[in-house]
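K.L.:
Got a structure here, written out as C-alpha cells. Questions coming.
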Amino acid sequence: MGPPKQLKRTFLGFDLSTQKLKAVLLGSSLEVVAAAEVKFDTDLPEFRTTGGANAGPNKNEYFVQPVMWVKAMDIVLDRLVMQQADLSTVAAISGSGQQHGSLYWSKHGINTLQNLDSEKFLHGQIDDSAFVVNRTPIWMDATTTKQCLEMEMAVGGKLNMVELTGSKCYERFTGPQIRKIYQQRCHAYEEANRISLVSSFISSLFLGSVAPIDFSDGSGMNLLDIRKKNWSKDCLNVCAPDLDKRLDIPVSPNTILGNVSPYFVERFSFSPDCKVAASTGDNPSALSGMLVGSSWLTISLGTSDTLMMSFKEPLNWEEGHVLCHPTETEEFMGLLCFRNASLVREEMNKKTTGGNWDKFNEYLDSTPRGNFGNMAVHFNDMEIIPKAQGILRWNKEMDPSSLEAARGVIKFSSPQIEIRALVEGQMLHHRAVAEDLGYQFGPETQILVTGGASVNKSILQTIADVFNAPVHIQDEGYEAALLGAAYRAAYTLYLHEVGEEETPLCYRDYILSLTSNKLNLVCEPHKDSEEIYAPMLLRYREMARILSHPHT
193 MGPPKQLKRT FLGFDLSTQK LKAVLLGSSL EVVAAAEVKF DTDLPEFRTT
243 GGANAGPNKN EYFVQPVMWV KAMDIVLDRL VMQQADLSTV AAISGSGQQH
293 GSLYWSKHGI NTLQNLDSEK FLHGQIDDSA FVVNRTPIWM DATTTKQCLE
343 MEMAVGGKLN MVELTGSKCY ERFTGPQIRK IYQQRCHAYE EANRISLVSS
393 FISSLFLGSV APIDFSDGSG MNLLDIRKKN WSKDCLNVCA PDLDKRLDIP
443 VSPNTILGNV SPYFVERFSF SPDCKVAAST GDNPSALSGM LVGSSWLTIS
493 LGTSDTLMMS FKEPLNWEEG HVLCHPTETE EFMGLLCFRN ASLVREEMNK
543 KTTGGNWDKF NEYLDSTPRG NFGNMAVHFN DMEIIPKAQG ILRWNKEMDP
593 SSLEAARGVI KFSSPQIEIR ALVEGQMLHH RAVAEDLGYQ FGPETQILVT
643 GGASVNKSIL QTIADVFNAP VHIQDEGYEA ALLGAAYRAA YTLYLHEVGE
693 EETPLCYRDY ILSLTSNKLN LVCEPHKDSE EIYAPMLLRY REMARILSHP
743 HT
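If you want my numbering, it's the 1-based position in the sequence shown plus 192.
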C-alpha cells in the first residue's frame, strides 16, 4: 500500500540557513510547486548583518537578533502567497535550521506565541520582548573555549564527552554557549523559560507553542546521549542548572508535533488539520534531501571539504561529529571536516595556470593516475585531522625512514605533476582519515559529490579512482537541506497515517516511490585504481605522520 493519493496535498519545507530563509512547496509527487527566499543582508538591511550574522565586540564573537528570523518568516510566507501558492493544500510542514544556534524564550514570549493575533505580522508580536537574549549566538561564534574545558573536565575528559555525545566539546556547540550565557548573563538565563535550537524554533512558530528539539539536531549540542537519545544528566548538570526544564524531552525527527496554530489558518488559509513535523539541523536535513543509501559517502567540496556518511553503530571520533541519523532513527551519521580544501586548490590554480580552470583540468588529465609516484600533502593552514601544518612532497625514490623524508622534495618538475599531486593528495587524505576512524569502504560504496567543485569532471574522476567507487552529482541547483525538510514533512505524515497492521516503508523507499532520485552518475573508477592507490594510501599516511610529528 502506497501513500494516500490526495492530489491536492502539498508539503511545505523551510531552510533557515546562515544567509537566508528559503521555503519550498512540493506537490503530491514531490515536484516543486512554488519557492521563495529572503536574504538577510539585502532584504532585511535594518539588522546590519554581513553574511547573515553580526560580529560582536570580542574576537570570534558572532550573533543574530532573533527578530530578524521572525520577520524573514513573515516575508517568505507573503512571497509564497504572491506566487499564488495555495497554502490551504499544505498537509504537513517541517524545517531545516543552521545547527548549534540557540534562542531563549521569555515567559511573555511563550504567552505571545500561544495567542497570536492573525491581524498582525508575526514580528509585530514576537518582538525583542519575546526573548531574554536579543543577541543570540550562532555557529560562527567561537568564544566558549573556557566553557568547553569545564564541561569536558566535569564528565571525565574529552574521550568521555565523545563517547556520550558523539563529539568533543566544540566552541560553536550549543551546550558551551548555554553555559556561557548562564555564567555571564545569569539573570537572562534565570528568565529564560525555554531554550530552542534554530530548527525547533521554526516548528515553534507554526505550532504556536515551543516545540521540542529533535535528537538529530540535538546531537550538535554536547548535551545529548546519542545512544540513549535523551539528555545526558552529567552534561546537563555541568552546563547550567535546571536545564532539562528549559530544553524539554527530545523527540524523534519523525514526530508529528501537532496541528498548525490558528494564526496561520486565519491569516494564510492553512487547513486547521495541517500537521507540524519536527524540524532538524541543516546537515541532517541535507542527508535527508540527498536520498542516498546507507553505503554512500557524500563529499562536499567547498571552503572546507566535508565527508558525510551513515553507520549502524556510533564510532568514537575525537575529531569530527557523530549525530543521530535524521531518517533511519536507530542509525547514526558522521561528519568529517577538512580545512585545506578549495582555497588550496584555487591557490595552486593561480600559481600554475594564472587561474584558468580549463588549463588546470587539462594538466590534471595529462598526467597518469599515480603521478609517476610523485605525492604531496598541502596543509597550508593547520589541518584538523591530523593536527598538522606544512607542505611535503615526495618522489618515487623517497625512503620514508630517511632523514630527507621530513624535508621532502622542494618542488616537482612540472605544473602537471604539481596539480595531480595536490588533487590526489587531498583525496588520499580524505580516504585515509575516514578509514583510520573506522569507516569501511567496499564494493558497495558509492559517492555523491556536492559543492562548488562538483562541476569539475577531472577532479571527480580523481575522486572515483582514489576511492575506487562510482561518483555521482545532483541536478543543478538542487538544494538538499531545503528539499530534505519538505520530504521529511511528507514522510512524517505518512508514518502518522499508516495503518497499524501495515509495515511502513523506510524513508528512502517512500520518497523514491513518489519522485525520482536526482542523482547522475558521472565517473566510474578505472579497473586498476585499487592497485595504484592502495600502496599510495600507506605512503600517504607516512607523509601525514611526519608532518604532524616533524621532530620524531
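Just so you know, even glycine gets a beta-carbon here, dropped at the ideal spot from N, CA and C.
Can you list, in chain order, the residues of its chain with a C-beta nearer than 8 Å to that of Asn-548? Leave out the 5 residues immediately preceding and following it.
P.N.:
Taking the sequence shown and counting its residues from 1, one reaches residue 548 at position 356. Closer than 8 Å at the Cβ level, and outside the excluded window around Asn-548, lie Asn-541.
K.L.:
Taking the C-alpha atoms as reference points, what is the distance between Thr-242 and Leu-435?
P.N.:
What you label residue 242 is simply residue 50 of the sequence shown in a count that begins at 1. What you label residue 435 is simply residue 243 of the sequence shown in a count that begins at 1. Cα to Cα, the separation comes out at about 32 Å.
K.L.:
So, at 6 Å on beta carbons, what are the nonlocal neighbours of Asn-414 in its own chain, with the 5 sequence-adjacent residues on each side left out?
P.N.:
As a position in the sequence shown, residue 414 is number 222, starting the count at 1. So the list reads Thr-357, Cys-361, Phe-365, Gly-367, once near-sequence residues are dropped.
K.L.:
So, is Cys-427 buried or exposed, given that buried needs 16 or more other C-beta atoms within 10 angstroms?
P.N.:
Reading the sequence shown from its first residue, position 235 is the one you call residue 427. With 16 or more other Cβ atoms within 10 Å, it is buried.
K.L.:
Nearest to Gln-306 by CA position, among Glu-229, Val-402, Ala-672, Trp-261, is which residue?
P.N.:
Stepping through the sequence shown from its first residue, residue 306 is reached at position 114. Considering only alpha carbons, the answer is Val-402.
K.L.:
Kindly list the residues whose CB is nearer than 6 Å to the CB of Gln-339, restricted to its own chain and excluding five residues on each side of it in sequence; keep chain order.
P.N.:
Position 147 of the sequence shown holds residue 339. So the qualifying residues of the chain are Pro-368, Arg-371, Lys-372.
K.L.:
What is the DSSP secondary structure of Ala-284, reduced to helix, strand or coil?
P.N.:
Counting from 1 along the sequence shown, the entry for residue 284 is found at position 92. The answer is strand: DSSP assigns Ala-284 an E or B state.
K.L.:
From the DSSP output, read off the bridge partner residues of Tyr-254.
P.N.:
As a first step, residue 254 must be located in the sequence shown, where it is residue number 62. BP columns for Tyr-254 point to Ala-247.
K.L.:
What residue ranges within the segment 545-593 form continuous beta strand (DSSP E) runs of no fewer than 3 residues, ordered along the chain?
P.N.:
Qualifying beta strand (DSSP E) stretches, in chain order: 567-571, 582-586.
K.L.:
Under the three-state reduction of DSSP, which class applies to Gly-494: helix, strand or coil?
P.N.:
As a first step, residue 494 is located in the sequence shown; it is residue number 302 there, counting from the start. DSSP places Gly-494 in coil when its eight states are reduced to three.
K.L.:
What is the C-beta distance between Ala-478 and Ala-673, in whole angstroms, given that I count them as a contact (C-beta under 8 Å)?
P.N.:
What you label residue 478 is simply residue 286 of the sequence shown in a count that begins at 1. What you label residue 673 is simply residue 481 of the sequence shown in a count that begins at 1. Yes, they are in contact, since the Cβ atoms of Ala-478 and Ala-673 sit about 4 Å apart, within 8 Å.
K.L.:
Please list, in chain order, all residues of the same chain as Gln-257 whose beta carbon is under 7 Å from its beta carbon, the five residues on each side excluded.
P.N.:
The sequence position of residue 257 within the sequence shown is 65, counting from 1. Closer than 7 Å at Cβ, skipping near neighbours: Phe-239, Asn-326, Arg-327.
K.L.:
Under 7 Å Cβ to Cβ from Lys-551, same chain only, skipping five residues before and after it: list those, please.
P.N.:
One-based indexing of the sequence shown puts residue 551 at position 359. Taken in chain order, the residues that qualify are Thr-545.
K.L.:
Please state whether the Cβ-Cβ distance between Asn-246 and Phe-255 is less than 8 Å.
P.N.:
The count along the sequence shown starts at 1 and reaches residue 246 at position 54. The count along the sequence shown starts at 1 and reaches residue 255 at position 63. A contact, by the Cβ cut-off of 8 Å.
K.L.:
Quick one: measure Cβ to Cβ for Ser-359 and His-513, integer angstroms, because I've assumed they're closer than 8 Å.
P.N.:
Numbered from 1 along the sequence shown, position 167 holds the residue referred to as residue 359. Numbered from 1 along the sequence shown, position 321 holds the residue referred to as residue 513. Right, their Cβ atoms sit about 5 Å apart.
K.L.:
Taking Cβ to Cβ, would you say Pro-404 is nearer than 8 Å to Ser-391?
P.N.:
Residue mapping note: residue 404 aligns to position 212 of the sequence shown, counting from 1. Residue mapping note: residue 391 aligns to position 199 of the sequence shown, counting from 1. Cβ atoms of Pro-404 and Ser-391: not closer than 8 Å.
K.L.:
Bridge partners of Thr-336, per DSSP?
P.N.:
Translated into the one-based positions of the sequence shown, residue 336 becomes position 144. Beta-bridge pairing links Thr-336 to no other residue.
K.L.:
Quick check on Met-193: does DSSP put it in helix, strand or coil?
P.N.:
For the purposes of this step, residue 193 is taken as the residue at position 1 of the sequence shown. Caution applies to Met-193, whose pLDDT of 43 falls short of 50 and renders its modelled position unreliable; the value that the coordinates give is listed next. In this structure, Met-193 counts as coil in the three-state DSSP scheme.
K.L.:
Based on the DSSP output, what are the partners of Glu-636 in its beta bridges?
P.N.:
Looking up residue 636 in the sequence shown gives position 444. Answer by DSSP bridge pairing: none, since Glu-636 is not bridged.
K.L.:
Would you kindly work out how many angstroms separate the C-alpha atoms of Ala-580 and Asp-235, rounded to a whole number?
P.N.:
On the sequence shown, residue 580 is found 388 positions in, with the first residue counted as 1. On the sequence shown, residue 235 is found 43 positions in, with the first residue counted as 1. Ala-580 and Asp-235: Cα-Cα distance of roughly 41 Å.
K.L.:
Exposed or buried, what is Asn-566 when buried is set at 16 or more other beta-carbons lying within 10 Å of its beta-carbon?
P.N.:
Sequence index remark: in the sequence shown, residue 566 carries index 374 (1-based). Per the 10 Å Cβ criterion, buried.
K.L.:
Using a Cβ distance threshold of 8 Å, determine whether the segment 632-648 contacts the segment 661-679, with at least three qualifying pairs required.
P.N.:
Contact holds: three or more Cβ-Cβ distances are below 8 Å.
K.L.:
Only counting the same chain, and skipping five residues up and downstream in sequence, which positions put a Cβ closer than 6 Å to that of Glu-229?
P.N.:
Against the sequence shown, residue 229 aligns to sequence position 37. Lys-212, Lys-214, listed in sequence order.
K.L.:
Exposed or buried, which one is Asn-508 when buried takes at least 16 other CB atoms within 10 Å?
P.N.:
Against the sequence shown, residue 508 aligns to sequence position 316. The residue in question, Asn-508, is exposed, as its Cβ has fewer than 16 Cβ neighbours within 10 Å.
K.L.:
At the level of alpha carbons, what is the spacing between Gln-376 and Val-430?
P.N.:
Residue mapping note: residue 376 aligns to position 184 of the sequence shown, counting from 1. Residue mapping note: residue 430 aligns to position 238 of the sequence shown, counting from 1. One C-alpha to the other measures close to 15 Å.
K.L.:
Just mark Pro-196 as buried or exposed, buried being the case when its beta carbon has 16 or more other beta carbons within 10 Å.
P.N.:
Position 4 of the sequence shown holds residue 196. Unreliable positioning characterises Pro-196 in this predicted model, as indicated by a pLDDT of 47, which lies under 50. The coordinate reading is nonetheless provided below. Exposed, because fewer than 16 other Cβ atoms sit within 10 Å of the Cβ of Pro-196.
K.L.:
Does Glu-610 come out as helix, strand or coil in the three-state DSSP assignment?
P.N.:
The residue labelled residue 610 in the question sits at position 418 within the sequence shown. The answer is helix: DSSP assigns Glu-610 an H, G or I state.
K.L.:
Tell me where the alpha helix (DSSP H) around Tyr-683 begins and ends.
P.N.:
Looking up residue 683 in the sequence shown gives position 491. 672-689 is the span of the alpha helix (DSSP H), which, as asked, contains Tyr-683.
K.L.:
Hey, is the segment 264-273 in contact with the segment 340-355, meaning 3+ C-beta pairs nearer than 8 Å?
P.N.:
In short, these stretches do not touch, since the Cβ pair count stays below three.
K.L.:
Which of helix, strand or coil does DSSP assign to Val-484?
P.N.:
For the purposes of this step, residue 484 is identified with residue 292 of the sequence shown, where counting begins at 1. Here Val-484 sits in coil by DSSP.
K.L.:
Is the segment 712-729 in contact with the segment 656-665, if contact means three or more CB pairs nearer than 8 Å?
P.N.:
Judged by Cβ distances under 8 Å, the segment 712-729 makes contact with the segment 656-665, as three or more pairs qualify.
K.L.:
With C-beta atoms as the reference, is Ser-444 less than 8 Å away from Asp-417?
P.N.:
Here residue 444 refers to the residue found at position 252 when the sequence shown is read from its first residue. Here residue 417 refers to the residue found at position 225 when the sequence shown is read from its first residue. No.
K.L.:
In the DSSP assignment, find the unbroken beta strand (DSSP E) run with Met-207 in it and report its ends.
P.N.:
By one-based count along the sequence shown, residue 207 stands at place 15. Checking the sequence, you will find Asp at residue 207 rather than Met. Unbroken beta strand (DSSP E) run through Asp-207: 202-208.
K.L.:
For Ile-576, which option in Trp-261, Tyr-699, Glu-610, Ala-736 has the closest C-alpha, if you only look at C-alpha atoms?
P.N.:
Within the sequence shown, numbered from 1, the residue matching residue 576 stands at position 384. Closest option to Ile-576, Cα to Cα, is Ala-736.
K.L.:
If you run the structure through DSSP and keep just helix, strand and coil, what is Gln-666?
P.N.:
In the sequence shown, counting from the first residue as 1, residue 666 sits at position 474. Of the three classes helix, strand and coil, the one that applies to Gln-666 here is strand, per DSSP.
K.L.:
So is Gln-291 buried or exposed if we call it buried at 16+ other beta carbons inside 10 Å?
P.N.:
Translated into positions along the sequence shown, residue 291 becomes position 99. Buried, by the Cβ-count rule.
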